[in-house]
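Visitor:
Residue numbers (our numbering): 293 to 564.
#1: Could you give the distance in angstroms between the alpha-carbon of residue 519 and the alpha-carbon of residue 504?
#2: Can you give me the Cβ contacts of residue 344 inside the same chain, cut-off strictly under 8 Å, excluding the 5 residues immediately before and after it?
#3: Under 6 Å Cβ to Cβ from residue 514, same chain only, skipping five residues before and after it: list those, please.
#4: Got a sec, what are the start and stop residues for the alpha helix (DSSP H) residue 387 sits in?
#5: Does the segment 398-405 come within contact of the segment 436-445, defined as at least 3 CB pairs closer than 8 Å?
#6: Hey, residue 353 and residue 396 are a contact pair by Cβ (cut 8 Å); roughly how many whole angstroms apart?
#7: For residue 526, which option in 497, 379, 362 and 335 has the closest C-alpha, if you only look at C-alpha atoms?
#8: My guess is that residue 428 and residue 394 are in contact by the Cβ rule of under 8 Å, so how many angstroms apart are they, rounded?
#9: Report the CB separation of residue 350 from residue 380 in whole angstroms; it is logged as a contact under 8 Å.
#10: Note down the Cα distance separating residue 360 from residue 420, rounded to an integer number of angstroms.
#11: Cβ atoms of residue 494 and residue 466: under 7 Å apart, would you say?
#12: Applying the 10 Å Cβ sphere with the 16-neighbour rule, what's the burial state of residue 542?
#13: With distances taken from CA atoms, which of 455, 362 and 414 is nearest residue 433?
#14: Just verifying my parser: in three-state terms, what is the DSSP assignment at residue 517?
#15: According to DSSP, is residue 347 helix, strand or coil?
#16: By the 10 Å Cβ neighbour count, where 16 or more other Cβ atoms means buried, how is residue 535 classified, buried or exposed?
#17: Which residues in the same chain have their Cβ closer than 7 Å to the Cβ of residue 510, if we skip the five residues on either side of it in sequence?
#18: Residue ranges of each alpha helix (DSSP H) run of no fewer than 4 residues wholly in the segment 439-502, ordered along the chain?
#19: My understanding is that residue 490 touches residue 460, with C-beta atoms under 8 Å, so please give their C-beta distance in whole angstroms.
Structure follows, in structure tokens:
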């Protein structure tokens with residue numbers, strides 16, 4: 293073989309695989325398992341940027357092997373990695389993975405509560421955790437979420453916890469919020485108003501901040517209450533809200549003045 297041909301062959305072997313190439317085959321000749329590669333990128337010994345990118349990929353993949361790895365990242369040193377892991381766990385889609393993801397998130401509630409009392413900068417993380425539990429909507433999260441409301445003063449955190457409870461299709465969720473509203477009767481904290489909002493979110497009923505009125509109505513209503521229909525209504529409301537916000541953003545972008553050829557904006561280092 294001529295030297296030129298040999299050089300081309302070496303270069304071809306050294307070139308990285310193209311994005312459109314099929315996955316590399318394993319030792320048995322079958323395509324390599326992409327989850328195995330992703331799990332390696334989620335490990336503690338990887339740089340933060342690698343783990344963060346892997347968490348983003350994991351969010352759109354459904355595989356039970358991802359749950360333990362994402363659960364470990366709830367204790368990662370980097371906040372963006374922890375929050376990303378919460379979002380990825382909240383995106384689980386099967387009954388099995390939802391249950392296990394909720395368990396991992398619930399285990400972080402009390403430690404994060406204790407930290408939040410001393411460090412208010414962790415508030416977005418707590419809200420992200422509650423959002424993930426909201427999306428999973430597991431009955432196991434009802435009591436832990438409600439227990440944390442009892443001693444909370446930050447209404448934004450209270451609302452995140454209450455809304456997560458309200459999204460659980462279970463009689464116990466509504467019972468728990470009504471009972472808590474009764475215990476906070478006219479305490480001036482604003483928690484009863486937040487619970488009223490959450491109860492409306494859960495049931496579609498508007499009965500204000502009166503725990504007795506809610507208790508009387510729910511006693512009869514819960515016998516035949518259609519949780520599935522209520523969940524569908526919440527989903528439609530969420531989609532409508534997102535569509536409205538998207539249209540608003542699009543209109544705002546459309547109103548921006550267009551640059552003329554050669555024109556620059558202040559601070560971009562150019563001149564008109």
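Beta carbons are placed, not taken as given, at the ideal position from N, Cα and C, and that holds for glycine.
Guide: Short version:
#1: 22 Å
#2: 370, 372, 373 and 376
#3: 463
#4: 387-410
#5: The segment 398-405 is in contact with the segment 436-445.
#6: Approximately 17 Å separates the beta-carbon atoms of residue 353 and residue 396; this is outside 8 Å, ruling out the contact.
#7: 497
#8: 5 Å
#9: 5 Å
#10: Each residue's Cα considered, the two are about 19 Å apart.
#11: Against a cut-off of 7 Å, the Cβ pair of residue 494 and residue 466 comes out as a contact.
#12: exposed
#13: Taking only the C-alpha atoms, the option nearest residue 433 is 455.
#14: DSSP places residue 517 in the coil class of the three-state scheme, outside both helix and strand.
#15: For residue 347, the secondary structure class from DSSP, reduced to helix, strand or coil, is helix.
#16: exposed
#17: 466 and 470
#18: 447-458, 463-475 and 483-495
#19: Contact flag wrong, Cβ pair sits at about 11 Å.
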